[in-house]
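Sequential numbering of the sequence shown, starting at 0, is according to numbering that gives the first Met the number 0.
C-beta atoms are modelled at their ideal positions from N, C-alpha and C, and glycine is treated no differently.
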Amino acid sequence: MRWAKGMLLTMMAIVGVHGAVAATSVVKAGFGKLSDGTAIDVYTLKSADLAVRITNYGARVVSIETKDRDGKLGNVVLGYNSTEGYAAEGSHKTYFGAIVGRYGNRIRGGKFTIDGHTYQIPVNNGANALHGGPVGFGDHVWTGKEIPGGVEMTLVSPDGDMGFPGKMTVHVRYTLVASALHINYSATTDKPTVVNLTNHTYFNLAGDGSGTILSQVMQINADQYTPVDAGLIPVGGPKPVAGTPFDFNKPTVIGARINSDNEQLKIGGGYDHNWILRGKNGEMKVAAKVYDPKTGRVLTVSTTEPGLQFYSGNSLDGAYKSVTGAVYWKYTAFCLETQHYPDSPNQPAFPSTLLRPGQTMHSETVFAFSTQK
């Protein structure tokens, strides 16, 4: 299981780069209000290489400014410039930058069984539950606290929240270390439950509002993926990526095969699948690397999680605009959601997402930025 090793790796990393953490400034400011008058905050984490904004509304990443090959700063994630923009999405959610849970991705029929007891999560994605149900962790106001080099977000999810059993306490720590954003997750419960937390940031390395990501180059370190049915629920067990449009073991332009005559791509309207990462569950490994030829920006994603959901922004339909006024159309960003596999509570062959009292779930993901000539 993933619970044991993630935090040890994190602490070693923080100790090893103490000077870099200390060089990160953290500034808190207002970020608008919800309709009930609740004031929301945003924390700006700034190093010599990155500027990252995190809000306690959904514990979400609002923006990441990083340099291109010429040293010019630009925001490389999708989002809004105030709380009101996120809240205005209503039920037509993008999950821009949010921490999604209790269960990121899909659960078939919204049902799962623990110790003989069946639980029902409200469905919100056809016949299935997505990202924790209609009111997931991205819809909650978290408690923010400044920590060295970053911010800690805390949420207490009560027993029965969206049908999930157990009172769950979740901590998500965002720490900026030089050119890398570390995200550390932990969770405890007082009843047996399931948990699958991830961050749902949408990236466009050419810059927010710069067009599609189809010319950017993707590499995913995985030999297998999990094919899905029409509801995007894994069926039939893992399959090899070799010989399919899902093979990104060598750097490949995202748009090169996205319109291939492939049933899985047609189901998803593009890429919206889980890759089974090489390396052990619970140990840090490089999951993916993305390069933008236009700007030279490179994103490297490392994680302790066993899976990676690559989503190519298939459902963006022009309903929302960027902070610069650019319209968010299909394929204008990609997500790399480090996580356990979809529908794991109903698929015993998958790594377990079960969390029991007395255990602590730990995981870590790192978004590291660099440039390439």
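* Below 6 Å CB to CB, which residues in the same chain sit around residue 156 once its five sequence neighbours on both sides are set aside? => Within the sequence shown, residue 156 is the residue found at index 157, counting from 1. Once the five neighbours on either side are set aside, the close Cβ partners of residue 156 are 167.
* Asked: residue 151: which of 134, 181, 124 and 129 sits nearest, CA to CA?
  -> Start at 1 with the first residue of the sequence shown, and residue 151 comes out as number 152. Among 134, 181, 124 and 129, the Cα nearest to that of residue 151 belongs to 181.
* Asked: From residue 360 to residue 281, what distance separates their C-alpha atoms?
  -> Position 361 of the sequence shown holds residue 360. Position 282 of the sequence shown holds residue 281. Near 10 Å, if we compare the C-alpha coordinates of residue 281 and residue 360.
* To do: Reducing DSSP to helix, strand and coil, say where residue 109 ends up.
  => Position 110 of the sequence shown, counting from 1, holds the residue named residue 109. Residue 109: helix per DSSP, three-state reduction.
* To which residues of the same chain is residue 48 closer than 8 Å at the C-beta, ignoring the five residues directly before and after it? -> Position 49 of the sequence shown holds residue 48. Hits under 8 Å: 65, 66, 177, 178 and 368.
* Since residue 39 is in the alpha helix (DSSP H), which residue starts that stretch and which ends it? -> Translated into the one-based positions of the sequence shown, residue 39 becomes position 40. Careful: residue 39 lies outside any alpha helix (DSSP H), inside the beta strand (DSSP E) at 38 to 45.
* Give the secondary structure of residue 215 by DSSP, where H, G and I count as helix, E and B as strand, and everything else as coil. => Along the sequence shown, one-based indexing puts residue 215 at 216. If DSSP states are grouped into helix, strand and coil, residue 215 belongs with coil.
* Can residue 191 and residue 355 be called in contact, C-beta distance under 8 Å? -> Against the sequence shown, residue 191 aligns to sequence position 192. Against the sequence shown, residue 355 aligns to sequence position 356. Yes; because the gap between Cβ atoms is below 8 Å, this pair is in contact.
* To do: Measure the alpha-carbon distance for residue 55 versus residue 305 and round it to whole angstroms.
  => Within the sequence shown, the letter at position 56 stands for residue 55. Within the sequence shown, the letter at position 306 stands for residue 305. If I take the Cα positions, the gap works out to 27 Å.
* Backbone CA spacing between residue 246 and residue 201 [nearest angstrom] -> As a position in the sequence shown, residue 246 is number 247, starting the count at 1. As a position in the sequence shown, residue 201 is number 202, starting the count at 1. Using only the alpha carbons, I get a separation of about 21 Å.
* Consult DSSP for residue 13 and reduce its assignment to one of helix, strand or coil. => Sequence index remark: in the sequence shown, residue 13 carries index 14 (1-based). Here the model assigns residue 13 a pLDDT of 40, short of 50, so the residue's position is not dependable and the matter cannot be decided.
* In this structure, does DSSP put residue 287 in helix, strand or coil? -> One-based indexing of the sequence shown puts residue 287 at position 288. Three-state result, residue 287: strand.
* Is DSSP giving residue 359 helix, strand or coil here? -> Translated into the one-based positions of the sequence shown, residue 359 becomes position 360. Note: residue 359 maps to coil in three-state DSSP.
* **Rounded straight-line distance, which links the Cα of residue 103 to that of residue 333** => Position 334 of the sequence shown, counted from the start, is the residue given in the question as residue 333. Position 104 of the sequence shown, counted from the start, is the residue given in the question as residue 103. Whole-angstrom Cα-Cα distance: 16 Å.
* If you compare alpha carbons, which of 86, 252 and 68 is closest to residue 31? -> Position 32 of the sequence shown holds residue 31. It is 86 whose Cα lies nearest to the Cα of residue 31.
* Asked: By Cβ distance below 6 Å, which residues in the same chain neighbour residue 274 in space, the five residues on each side in sequence not counted?
  -> For the purposes of this step, residue 274 is identified with residue 275 of the sequence shown, where counting begins at 1. Hits under 6 Å: 219, 221, 224 and 307.
* **When 58, 365 and 236 are compared against residue 39, the one with the closest alpha-carbon** => Taking the first residue of the sequence shown as position 1, residue 39 is located at position 40. Checking every option, the nearest Cα to that of residue 39 belongs to 58.
* **Where residue 202 sits in the DSSP three-state scheme** => Start at 1 with the first residue of the sequence shown, and residue 202 comes out as number 203. Here residue 202 sits in strand by DSSP.
* Where does residue 180 sit, in a helix, a strand or coil, going by DSSP? -> Locating residue 180 in the sequence shown gives position 181, where the first residue counts as 1. In the structure shown, residue 180 sits in a strand (DSSP, three-state: E or B).
* **Nonlocal neighbours in the same chain, by C-beta distance under 6 Å from residue 259, ignoring five residues either side** => To locate residue 259, count along the sequence shown from 1; it is residue 260. Answer for residue 259: 244, listed in chain order.
* **Whole-angstrom distance between residue 325 and residue 341, CA atom to CA atom** => Numbered from 1 along the sequence shown, position 342 holds the residue referred to as residue 341. Numbered from 1 along the sequence shown, position 326 holds the residue referred to as residue 325. Distance between the alpha carbons of residue 341 and residue 325: 32 Å.
* In whole angstroms, what separates the C-alpha of residue 51 from that of residue 139? -> Within the sequence shown, the letter at position 52 stands for residue 51. Within the sequence shown, the letter at position 140 stands for residue 139. Looking at the two C-alpha atoms, the distance is approximately 20 Å.
* Considering only C-alpha positions, which residue in the set 89, 107, 75 and 97 is nearest to residue 232? -> In the sequence shown, counting from the first residue as 1, residue 232 sits at position 233. Residue 232 has its Cα closest to that of 107, out of 89, 107, 75 and 97.
* What is the DSSP secondary structure of residue 244, counted as helix, strand or coil? -> Position 245 of the sequence shown, counted from the start, is the residue given in the question as residue 244. Looking at residue 244 - three-state DSSP - the assignment turns out to be coil, as it is neither helix nor strand.
* Asked: Which residues in the same chain have their Cβ closer than 8 Å to the Cβ of residue 81, if we skip the five residues on either side of it in sequence?
  -> One-based indexing of the sequence shown puts residue 81 at position 82. For residue 81, where only same-chain residues beyond five positions count, the Cβ hits under 8 Å are 30 and 31.
* Helix, strand or coil: which one does DSSP assign to residue 348? -> Position 349 of the sequence shown, counted from the first residue, corresponds to residue 348. Coil, per DSSP.
* Since I believe residue 204 is in contact with residue 289 (beta carbons under 8 Å), could you give me their beta-carbon distance rounded to a whole number of angstroms? => The sequence position of residue 289 within the sequence shown is 290, counting from 1. The sequence position of residue 204 within the sequence shown is 205, counting from 1. Contact between residue 289 and residue 204 holds, with the beta-carbon distance rounding to 6 Å and staying under 8 Å.
* By how many angstroms is the C-alpha of residue 257 removed from the C-alpha of residue 229? -> Indexing the sequence shown from 1 puts residue 229 at position 230. Indexing the sequence shown from 1 puts residue 257 at position 258. Straight-line Cα distance between these residues: approximately 17 Å.
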